[in-house]
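Participant:
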Amino acid sequence: MAITCRERKMRLIISTKYFGEIEVSESEVIVFPNGLPAFEDEKRWILQSYQGPFYVLQSVHTVEVSFLVCEIFSVFPDYQIDLPASVTEPLQLTNTQQASLWTILTINDPFETSTANLAAPLVLNVDEKKGKQYIPQDSEYSRQFPLLQRKESSSQNAYTNQKT
Numbered sequence: 001m002a003i004t005c006r007e008r009k010m011r012l013i014i015s016t017k018y019f020g021e022i023e024v025s026e027s028e029v030i031v032f033p034n035g036l037p038a039f040e041d042e043k044r045w046i047l048q049s050y051q052g053p054f055y056v057l058q059s060v061h062t063v064e065v066s067f068l069v070c071e072i073f074s075v076f077p078d079y080q081i082d083l084p085a086s087v088t089e090p091l092q093l094t095n096t097q098q099a100s101l102w103t104i105l106t107i108n109d110p111f112e113t114s115t116a117n118l119a120a121p122l123v124l125n126v127d128e129k130k131g132k133q134y135i136p137q138d139s140e141y142s143r144q145f146p147l148l149q150r151k152e153s154s155s156q157n158a159y160t161n162q163k164t
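Residue numbers (the UniProt record's numbering): 1 to 164.
Have a look at this one:
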């Protein structure tokens with residue numbers, strides 16, 4: 001399916017991949033001026049709450065184009081990245097309170113083998129509703145970082161601390 005959006009009084013009716021037809025405010029739309037890699041024509045997106053820390057990043061125009069995502073710090077609180085001016089300036093990011101970092105997830109079966117792309121975060125300016133996927137030349141993080149690794153290592157540490 002192609003374009004599935006009708007505008008009505010600053011409200012949009014959007015057909016989504018997982019939630020059917022929904023109504024959202026124009027102010028909820030996040031603009032990715034350059035689209036996303038391989039989806040350069042998809043410039044307008046919304047975030048839909050899914051379950052727990054997970055959200056769906058849904059294209060406003062194409063039903064089939066959506067990604068399961070999560071805010072990075074909600075799952076990986078130790079994550080660190082320096083954003084260059086080539087990212088912050090186009091997004092009009094002037095302070096850290098405006099920035100929100102998200103990761104695209106790959107959900108596998110079994111779920112325990114699911115991964116997060118921490119090497120190429122989605123950077124959002126929450127005030128301006130602008131976004132960009134930042135793909136650094138070099139990253140200490142993997143494009144297939146185990147989603148549950150952090151929880152497993154925390155559990156192991158808890159177990160070790162209880163034994164001592």
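Ideal Cβ placement from N, Cα and C applies to all residues, glycine included.
The structure presented is a predicted model; accordingly, all values stated were derived computationally and were not measured.
Measure the CB-CB distance between PRO37 and LYS130 and report whether it falls below 8 Å.
Facilitator: Stepping through the sequence shown from its first residue, residue 37 is reached at position 37. Stepping through the sequence shown from its first residue, residue 130 is reached at position 130. Against a cut-off of 8 Å, the Cβ pair of LYS130 and PRO37 comes out as no contact.
Participant: Nearest-angstrom Cα distance between LYS132 and PHE54?
Facilitator: Taking the first residue of the sequence shown as 1, we reach residue 132 at position 132. Taking the first residue of the sequence shown as 1, we reach residue 54 at position 54. Those two C-alpha atoms are separated by around 19 Å.
Participant: Quick one: Cα of SER139 to Cα of GLU21, how far?
Facilitator: Working through the sequence shown from its first residue, we reach residue 139 at position 139. Working through the sequence shown from its first residue, we reach residue 21 at position 21. Between SER139 and GLU21, the C-alpha separation is close to 38 Å.
Participant: Does the beta-carbon distance from VAL69 to ARG44 come in below 8 Å?
Facilitator: Residue numbering aside, residue 69 sits at position 69 when the sequence shown is read from its first letter. Residue numbering aside, residue 44 sits at position 44 when the sequence shown is read from its first letter. Cβ atoms of VAL69 and ARG44: not closer than 8 Å.
Participant: Please classify GLN97: does DSSP put it in a helix, a strand, or coil?
Facilitator: Against the sequence shown, residue 97 aligns to sequence position 97. The answer is helix: DSSP assigns GLN97 an H, G or I state.
Participant: Suppose contacts are defined by Cβ-Cβ distances below 8 Å. Is SER100 in contact with LEU118 by that definition?
Facilitator: Translated into positions along the sequence shown, residue 100 becomes position 100. Translated into positions along the sequence shown, residue 118 becomes position 118. Not closer than 8 Å, so no.
Participant: LEU147 and ALA116 - do their beta-carbons sit closer together than 8 Å?
Facilitator: Within the sequence shown, the letter at position 116 stands for residue 116. Within the sequence shown, the letter at position 147 stands for residue 147. Contact flag set, yes.
Participant: Closest to residue 176 by CA distance: which of PHE76, LYS17, GLU40, ASP78 is it?
Facilitator: Residue 176 lies beyond the stretch modelled for the chain, which goes from 1 to 164, so this question has no answer here.
Participant: May I ask which residues mark the beginning and end of the beta strand (DSSP E) holding THR16?
Facilitator: Here residue 16 corresponds to residue number 16 of the sequence shown, with the count starting at 1. Its beta strand (DSSP E) spans residues 11-16.
Participant: Give me the Cα-Cα distance between GLY35 and ARG143, rounded to the nearest whole angstrom.
Facilitator: Mapped onto the sequence shown, residue 35 falls at position 35. Mapped onto the sequence shown, residue 143 falls at position 143. The alpha-carbon atoms of GLY35 and ARG143 are separated by roughly 19 Å.
Participant: For PHE67, is the classification buried or exposed, using 16 other Cβ atoms within 10 angstroms of its Cβ as the cut-off for buried?
Facilitator: Sequence index remark: in the sequence shown, residue 67 carries index 67 (1-based). Result: buried.
Participant: Have a look at THR103, THR113, LEU47, THR62 and flag the residue whose alpha-carbon is nearest the alpha-carbon of TYR141.
Facilitator: Taking the sequence shown and counting its residues from 1, the one referred to as residue 141 is at position 141. Nearest option by C-alpha distance: THR103.
Participant: Could you check what DSSP says for ALA85 in three-state terms: helix, strand or coil?
Facilitator: Indexing the sequence shown from 1 puts residue 85 at position 85. Of the three classes helix, strand and coil, the one that applies to ALA85 here is helix, per DSSP.
Participant: Nearest to GLU40 by CA position, among THR62, GLU28, ASN108, is which residue?
Facilitator: For this step, residue 40 is matched to residue 40 along the sequence shown. Considering only alpha carbons, the answer is THR62.
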